[in-house]
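Participant: Here you go, one structure.
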Amino acid sequence: MILETERLILRPWQESDAESLYQYASSPEVGPMAGWPAHTSVENSLDIIRHVLSAPETYAVVDKQSGCAIGSIGIMIGKASHLELHATEGELGYWIGVPYWGQGLIPEAVREILRYAFEDLHLETIWCGYFDGNLKSKRVQEKCGFQYQYTKEKVPCSMLNEVRTEHISCLTKERFDKTASVKLHSK
594 MILETERLIL RPWQESDAES LYQYASSPEV GPMAGWPAHT SVENSLDIIR
644 HVLSAPETYA VVDKQSGCAI GSIGIMIGKA SHLELHATEG ELGYWIGVPY
694 WGQGLIPEAV REILRYAFED LHLETIWCGY FDGNLKSKRV QEKCGFQYQY
744 TKEKVPCSML NEVRTEHISC LTKERFDKTA SVKLHSK
């Protein structure tokens, strides 16, 4: 599946993206904030493409101008999620490289993946979390209509050998449809 927005293409990860992935995922400001270690080499990034980013409904966030993968977005549906969800629910995850922060690109990608999840995958609820201190991720969720639901203490981040506090929010199809309808009528 390939999805498109005004400035982005969301497509499956390819092995040829390894160098670009390493360029952005090696930053200590990206992965550790999301619960995974910074990438250590192009080979490490290639291994992650093959074994992690090859999961269903996981997409490279590609900048249309450069054609480079600059981030990642995906939905883990039902039992694939870490949140013990029903088959009609999904968990959203995303990140983008530091040079692209503050440009509204991840909210743009999130809105498109939400449209796809609700309209094409027929999901009813999308859940999303962020760890304490990740205010950028919290802000993306707020911009995209997610509403806070609960906080989980002592969440294991096994890849970093830590425990953290995670805040969970969700967006229902009904709320997404209302928000989309309001935006259409206000144009």
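Numbered as in the working numbering, the sequence shown ends at 780 without a single skipped number. Note that beta-carbon positions come from the ideal geometry of N, C-alpha and C, so glycine has one too.
Leaving out five residues on either side along the sequence, give the residues of the same chain with a beta carbon under 7 Å from the beta carbon of H778.
Facilitator: The residue labelled residue 778 in the question sits at position 185 within the sequence shown. Reliability of the predicted coordinates at H778 is poor, the pLDDT of 47 falling under 50, and the value obtained from them is presented with this limitation in mind. None.
Participant: To which residues of the same chain is L646 closer than 6 Å at the C-beta, ignoring the five residues directly before and after it?
Facilitator: Along the sequence shown, read from residue 1 onward, the residue named residue 646 stands at position 53. Taken in chain order, the residues that qualify are W606.
Participant: I need the straight-line Cα distance from G738 to L764, nearest angstrom please.
Facilitator: Working through the sequence shown from its first residue, we reach residue 738 at position 145. Working through the sequence shown from its first residue, we reach residue 764 at position 171. The straight-line gap from Cα to Cα measures roughly 7 Å.
Participant: Name the residue from G686, V703, K736, E735 whose alpha carbon lies nearest to the alpha carbon of W629.
Facilitator: Looking up residue 629 in the sequence shown gives position 36. The shortest C-alpha separation from W629 is found at G686.
Participant: S634 to P749, Cα distance in whole Å?
Facilitator: For this step, residue 634 is matched to residue 41 along the sequence shown. For this step, residue 749 is matched to residue 156 along the sequence shown. Near 25 Å, if we compare the C-alpha coordinates of P749 and S634.
Participant: Look at the Cβ atom of V623, then the Cβ atom of V691, and state whether they are nearer than 8 Å.
Facilitator: Residue numbering aside, residue 623 sits at position 30 when the sequence shown is read from its first letter. Residue numbering aside, residue 691 sits at position 98 when the sequence shown is read from its first letter. A contact, by the Cβ cut-off of 8 Å.
Participant: Please list the terminal residues of the continuous alpha helix (DSSP H) segment that includes V733.
Facilitator: Here the question's residue 733 lines up with position 140 in the sequence shown. Segment 728–736, the alpha helix (DSSP H) holding V733.
Participant: Just confirm the distance between the C-beta atoms of H632 and A618, as a whole number of angstroms; I'd bet it's less than 8 Å.
Facilitator: To locate residue 632, count along the sequence shown from 1; it is residue 39. To locate residue 618, count along the sequence shown from 1; it is residue 25. With a Cβ gap of about 4 Å, H632 and A618 count as contacting.
Participant: Contact check, G664 vs E650 under 8 Å by CB: the rounded distance?
Facilitator: Translated into the one-based positions of the sequence shown, residue 664 becomes position 71. Translated into the one-based positions of the sequence shown, residue 650 becomes position 57. Contact flag wrong, Cβ pair sits at about 15 Å.
Participant: Do you know offhand how far I761's Cα is from Y743's?
Facilitator: If you number the sequence shown from 1, residue 761 lands on position 168. If you number the sequence shown from 1, residue 743 lands on position 150. Cα-Cα distance, rounded: 5 Å.
Participant: Leaving out five residues on either side along the sequence, give the residues of the same chain with a beta carbon under 8 Å from the beta carbon of E701.
Facilitator: The residue you call residue 701 lines up with position 108 of the sequence shown. T598, E599, R600, L601.
Participant: Could you check how far apart the C-beta atoms of D725 and T772 are, in whole angstroms? I think they sit under 8 Å.
Facilitator: As a first step, residue 725 must be located in the sequence shown, where it is residue number 132. As a first step, residue 772 must be located in the sequence shown, where it is residue number 179. Not quite, the Cβ-Cβ distance comes to about 27 Å (not below 8 Å), so this is no contact.
Participant: Who are the Cβ neighbours of E684 in its own chain at under 6 Å, not counting the five residues just before and after it?
Facilitator: Mapped onto the sequence shown, residue 684 falls at position 91. Taken in chain order, the residues that qualify are M669, S674, L676, W720.
Participant: May I ask you to report which of helix, strand or coil DSSP gives K771?
Facilitator: Position 178 of the sequence shown, counted from the start, is the residue given in the question as residue 771. Helix at K771.
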